[in-house]
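Peer 1: Quick note, the sequences are listed as chains X and P, same order.
Quick note: the first sequence, position 19, residue 19 per full-length UniProt numbering, numbers continuous.
Quick note: the second sequence, position 293, residue 293 per full-length UniProt numbering, numbers continuous.
Built from N, CA and C at the ideal position, the CB exists for glycine as well.
This one's a predicted model, so the numbers in the text were calculated from it and none came from an experiment.
Have a look at this one.
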Amino acid sequence: MAVRDLLLFVAVTVISSSLMALTARGNSEGDALYVLRRTLSDPDNVLQSWDPNLVNPCTWFHVTCNQDSQVTRLDLGNSNLSGHLVPELGKLEHLQYLELYKNNIQGKIPAELGNLKNLISLDLYNNNISGTIPPSLGNLKSLVFLRLNDNKLTGPIPRTLVGISSLKVVDVSNNNLCGPIPTTGPFEHIPLENFENNPRLEGPELQGLAGYDTNCS
Amino acid sequence: MLKYPIFTFFLFLPFLFFVCLKPASASFPEANALLIWKATFKKENNSILTSWTHPKASGSPCNWFGVFCSIDGSVNSLNLTNANINATFYKFPFSSLPNLASIDFFINRLFGTIPPQIGKLSKLVYLDISKNQLTGTIPSEIGRLTSLRTLHLVENQFNGSIPSEIGQLVSLSELALYSNKFDGSIPVSFGNLRNLTFLYLYNNSLSGFMPPEMGNLINLVEVFMYTNMLTGPIPPTLGNLNKLQILDLFENQLSGSIPPELGKLKSLEILSLANNNLTGLIPASLGEATGLITLHLYANNLSGPIPRELGNLKSLSDLELSENKLTGPIPASLGDLSNLEYVFLRQNQLSGPIPSELGKLKKLVFLEMDENQFSGHLPELCSGGLIKRFTLSNNRLSGPIPESLKTCSSLTRARFDHNKFSGNLSKEFGVYPNLTFMDLSDNKFYGELSDNWGSSKRLETLKIAKNNLSGSIPPDFGNLNQIQILNLSSNQLCGGIPKEIGKLVLLLKIDLNDNRLSGNIPHELGSFSSLNYLDLSRNRLTGPIPKNFPNSEQLFHLNLSYNFLSQTIPVQIGKLTHLAALDMSSNSLTGEIPYEIGFLSSLGMLNLSHNRLSGFIPESFQKLPGSVDIDISYNELEGHIPNGKPFQNVSIEKLRGNKGLCGNIAGLQPCKVPPIKNHKIGKGHKLILIVAIPLIGGTSTSICTRWHPDHVRTQKEEFKRCRR
């Protein structure tokens, strides 16, 4: 019986080996996005054009590339997606806009998103995302827009975000965050309403008087 | 030698009786031993092993599920495939099953390591513990299993090097170690495995060189070593493997040249050396391996020509040489390969014309030759009517599209872009019922867009940018109900944008810029709810921007610049919360800037320059992201520049040419009166307006004429050409 099974394995191998072949070298950005495709649930088939046998993902719908065929935008807002995000997203080094808002995505924000040095906009709002905001997001030195509102995020707002001088818009309202609201650096001009509806979030930190014994981590 | 043989015989007789009368008791200790092992199993919903209980009568386990005995009642085979066993091997009765010849525990939840006691199963012929969760290294004691013919350890988490003692398994015919974490080199001792037929080592971390001793394994039929980290050359001795049918070394770091000796492999059907670091030429001798069906050499550093001898591979159906540095022409002899279905030559430095002999290939399904330097005219190519994917983009091809491609109704994905193809587009292409992707951009096609395109109903992407197309966009485009990307930019299309385009609800990206489109923007274009990108710039569009336009929250790019649009900016624009770039410059827009523009919370670029916008800059601009690049120059705006980040570092170039802007910016006059919040123009300012408007109007007109010198004249001409 096992011989038969092995032959089945062989058959599958040969077929999949050939199919892999049609991918040519396998563009690493396309591979990363394909992992995302396999992990997300896509009842409306918005990812149907995401064919890993193509040379690069630049002709895939909802993907925008620059002149050098590097992915700069991912526009999947309001697309009825569920499932969860993948660490491979962190490999899209030239990504500027990650638009995944208004879906049903669950699970955590992968810490690897902190590798996206060119990211300008991170829009994950209106999903079912849980877990904490990874401190690694503090490495996103080009970030302008950080909209994580209307999710199920817990834990503190990482202090590392204070170091992103380009940050202009932050919205973490309607979550379950705790700890103090930062007030320095880019957070000086973020209106309080962008933090509302986080029952355990404490008022703006008072310089020098911020308490850290808040059982929040 | 016994002195009294007969006496000895009678001595042994009772023992014989003992054995014959109670065959089961020989297996009683075997049953016991198996039960000791079973006792270590973690409890699972396992009705399968209920038969494994102490048998009262015979003491024989031979009726147990998965247990098989020989005639003498001794366990010789255990077959527990897919039995949900969650256990280790540590209490497995290696010493108590002397006749065990076959172990098949494929698909279970066995974990832990293989104990060295495995070496005690001296009669083992078949061992399959694949698809479990076993870890650790293969013990060197495995080398004692000299009867072993089949060893399957696939899809576990084994690590460490493959022990060289495996080379002692001289009976071994099938060795499968794939999908584990084995590292280190392939042992040189493998060269002793003369009976080896199937060798599967793929998907591990094996490194080092392939041993030349592998050339001794003359019974090898299949070798799969893909996805490892093997380095060094492909041993020429592999050319001795007369029975070899499959050699798959895909995705390693092999270097050096492809050994010409591989041409001796008459039985070879599949050869994949793709995705390595191979250099040098493709040996002409490969043309002697006449059994070849699949030849994958792509993604290496191969140079030189495609040998014409490859035309001798009459069984070849899949030829993939892409992503190398191959030069020279496609040999005409490839036209003899009548079984060819897949041809990938993309991303090389191949040149010359595409040989007409390729037209003989009736079974062609995929033909991808983009990114080379092919020149000349295309020959007839789709003679078998089966081609689905056809890419020739980024070459130097010229001339018309041959007839067989016009009628190639099997096409699903076609790219002709970035060449010098010419001809009358309306005659070059037909109807393609299965076509989803077509890119003809950057060529020299002229003529008009035919109604045919509307009949290729599966089209999802249609790009014909940068050609010399004329005439208007057919209303039949409204039938392309699957279309998501439409790019007709940089042509000379005229006439209006058909309102039927509004039916195409799946559209994500519309690019009609740099044409001569006229008339109004149809209000039907406001119905797109998924639109991401809209560029209608550099046309001759007139009339207002429709009130409900556009209606897509996901729009990130809107460019209507360089048209003749008039009337006011619709307030609906404020709903585009994801708009990153908004350009309406160089039009004739009037009225005030709606304060709703301040709601564009993602805006990175805002260009409203060169219009006739009047009134004040809304205070709501303070809410725009601080990094936004604003240009409101050359309008009729007045009043103070709002505070806030957007205007903090703005330069005078982005503000000049207005009526009376003031503020604390170099080049601007400072505001004389206290800043007035945005509101309608008060009585006191009316006089200023009466004087200023004609002045500014005159200035704007002169500017307009500078940029659209043929404005009036060309519009008349256009009406003539576009009337249908």
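(1) Is the Cβ-Cβ distance between residue 372 of chain P and residue 348 of chain P less than 8 angstroms?
(2) Look up residue 284 of chain P in the DSSP assignment and say whether it is helix, strand or coil.
(3) Quick check on this structure: which residue in P/191, P/149, P/552 has the alpha carbon closest to the alpha carbon of residue 175 of chain P?
(4) Roughly how many angstroms separate the alpha carbons of residue 203 of chain X and residue 179 of chain X, rounded to a whole number?
(5) Count the CB pairs spanning the segment 592 to 599 of chain P and the segment 128 to 141 of chain X that are closer than 8 angstroms, and state whether there are at least three.
(6) In angstroms with no decimal places, state the Cα-to-Cα distance between residue 122 of chain X and residue 29 of chain X.
(7) Just by C-beta distance, which residues in the segment 35 to 61 of chain X are closer than 8 angstroms to chain P?
(8) Could you name the residues that DSSP lists as bridge partners for residue 75 of chain P?
(9) Taking the alpha-carbon positions, what's the residue 737 of chain P to residue 552 of chain P distance?
(10) Which residues in chain X sit within 9 angstroms of residue 461 of chain P, going by Cβ to Cβ distance?
(11) Taking a contact to mean a Cβ-Cβ separation below 8 angstroms, would you say residue 478 of chain P touches residue 509 of chain P in this structure?
(12) Is any beta-carbon of chain P found at less than 8 angstroms from that of residue 99 of chain X?
(13) Could you tell me whether the Cβ of residue 646 of chain P comes closer than 8 angstroms to any Cβ of chain X?
(14) Flag residue 754 of chain P as yes if its beta-carbon sits less than 8 angstroms from any beta-carbon of chain X, otherwise no.
(15) Identify every run of the beta strand (DSSP E) within the segment 382 to 450 of chain P, keeping only runs that are complete inside it and at least 3 residues long; order them along the chain.
(16) Does any residue of chain X bring its CB to less than 8 angstroms from the CB of residue 440 of chain P?
(17) Give the straight-line distance between the Cα atoms of residue 392 of chain P and residue 370 of chain P, rounded to the nearest whole angstrom.
(18) Beta-carbon within less than 6 angstroms of residue 215 of chain X's beta-carbon, same chain only, minus the 5 sequence neighbours each way: which residues are those?
(19) Helix, strand or coil for residue 17 of chain X, going by three-state DSSP, please let me know.
(20) Is the beta carbon of residue 452 of chain P less than 8 angstroms from the beta carbon of residue 429 of chain P?
(21) Restricting to Cα atoms, I'd like to know which of P/153, P/657, P/123, P/579 is closest to residue 136 of chain P.
(22) With a threshold of 8 angstroms between beta-carbons, can residue 141 of chain X be considered close to chain P, or not?
(23) State buried or exposed for residue 72 of chain P, treating a residue as buried only when at least 16 other CB atoms are found within 10 Å of its CB.
(24) With a cut-off of 8 angstroms, do at least 3 Cβ pairs link the segment 65 to 81 of chain X to the segment 543 to 551 of chain P?
(25) What does DSSP give as the partner residue(s) for residue 505 of chain P in the beta ladder?
(26) For the alpha helix (DSSP H) containing residue 30 of chain X, name the first residue and the last one.
(27) Quick check on the burial criterion: 16 or more other C-beta atoms within 10 angstroms. Buried or exposed for residue 59 of chain X?
(28) Write down the C-beta distance between residue 337 of chain P and residue 321 of chain P rounded to the nearest angstrom, noting that I regard them as a contact closer than 8 angstroms.
(29) What beta strand (DSSP E) runs, 3 residues minimum, are completely inside the segment 535 to 616 of chain P?
(30) To the nearest whole angstrom, what separates the beta carbons of residue 132 of chain P and residue 108 of chain P, a pair I think is in contact under 8 angstroms?
(31) What is the C-beta distance between residue 42 of chain X and residue 81 of chain X, in whole angstroms, given that I count them as a contact (C-beta under 8 angstroms)?
(32) Of all Cβ atoms in chain P, is any one closer than 8 angstroms to the Cβ of residue 103 of chain X?
(33) Do you know offhand how far residue 519 of chain P's Cα is from residue 438 of chain P's?
(34) Measure how close the beta-carbons of residue 215 of chain P and residue 240 of chain P come, nearest whole angstrom, since I'm counting them as under 8 angstroms.
(35) Determine the DSSP secondary structure at residue 313 of chain P, reduced to helix, strand or coil.
(36) Would you report the Cα separation of residue 467 of chain P and residue 443 of chain P, rounded to the nearest angstrom?
Peer 2: The answer reads as follows:
(1) Yes, the Cβ-Cβ distance between residue 372 of chain P and residue 348 of chain P is below 8 angstroms.
(2) Of the three classes helix, strand and coil, the one that applies to residue 284 of chain P here is helix, per DSSP.
(3) The shortest Cα separation from residue 175 of chain P among P/191, P/149, P/552 belongs to P/149.
(4) The alpha-carbon separation between residue 203 of chain X and residue 179 of chain X amounts to approximately 9 angstroms.
(5) Between the segment 592 to 599 of chain P and the segment 128 to 141 of chain X, the count of Cβ pairs shorter than 8 angstroms is below three; the stretches do not touch.
(6) A straight-line Cα-Cα distance of about 18 angstroms links residue 122 of chain X and residue 29 of chain X.
(7) Going along the segment 35 to 61 of chain X in chain order, one finds 49, 55, 59, 61 with a Cβ nearer than 8 angstroms to chain P.
(8) Looking at the DSSP output, residue 75 of chain P bridges to P/69.
(9) Absent from the model: residue 737 of chain P. The displayed extent of chain P is 1 to 724, so no value can be given.
(10) Against chain X, a Cβ distance below 9 angstroms from residue 461 of chain P picks out 49, 59, 61.
(11) Taking 8 angstroms as the cut-off, the Cβ atoms of residue 478 of chain P and residue 509 of chain P do not count as close.
(12) It does; some Cβ of chain P falls within 8 angstroms.
(13) It does not; no Cβ of chain X falls within 8 angstroms.
(14) There is simply no residue 754 of chain P to check, as chain P begins at 1 and stops at 724 in what is shown.
(15) 389 to 391, 396 to 399, 413 to 415, 420 to 424, 437 to 439, 444 to 448, all fully within the segment 382 to 450 of chain P.
(16) Not closer than 8 angstroms to any Cβ of chain X, the Cβ of residue 440 of chain P fails to qualify, so no.
(17) In a straight line, the C-alpha of residue 392 of chain P is about 4 angstroms away from that of residue 370 of chain P.
(18) Here the set comprises nothing.
(19) Reliability fails at residue 17 of chain X, whose pLDDT of 48 lies under 50, so the model's placement of it is uncertain and the value that follows must be treated cautiously. Annotated three-state conformation of residue 17 of chain X is helix, per DSSP.
(20) Contact: yes.
(21) Closest option to residue 136 of chain P, Cα to Cα, is P/153.
(22) Closer than 8 angstroms: no.
(23) Exposed is the call here.
(24) No contact exists between the segment 65 to 81 of chain X and the segment 543 to 551 of chain P.
(25) Paired residue(s): none; residue 505 of chain P is not in a bridge.
(26) Looking at the DSSP string, the run of the alpha helix (DSSP H) that includes residue 30 of chain X is 28 to 39.
(27) Classification of residue 59 of chain X: buried, given that the 10 Å Cβ count is 16 or more.
(28) Not confirmed; about 13 angstroms, so no contact.
(29) Runs of the beta strand (DSSP E) inside the segment 535 to 616 of chain P: 540 to 544, 557 to 559, 564 to 567, 581 to 583, 605 to 607, 614 to 616.
(30) Correct: roughly 5 angstroms between the Cβ atoms.
(31) The beta-carbon distance between residue 42 of chain X and residue 81 of chain X, rounded to whole angstroms, is 6 angstroms. This is short enough to meet the 8 angstroms contact definition.
(32) Taking Cβ atoms only, chain P never reaches closer than 8 angstroms to residue 103 of chain X, which makes this a no.
(33) Their backbone Cα atoms lie some 28 angstroms apart in a straight line.
(34) Indeed they touch by this definition, with Cβ atoms about 5 angstroms apart.
(35) Residue 313 of chain P falls in the coil class under three-state DSSP.
(36) Whole-angstrom Cα-Cα distance: 5 angstroms.
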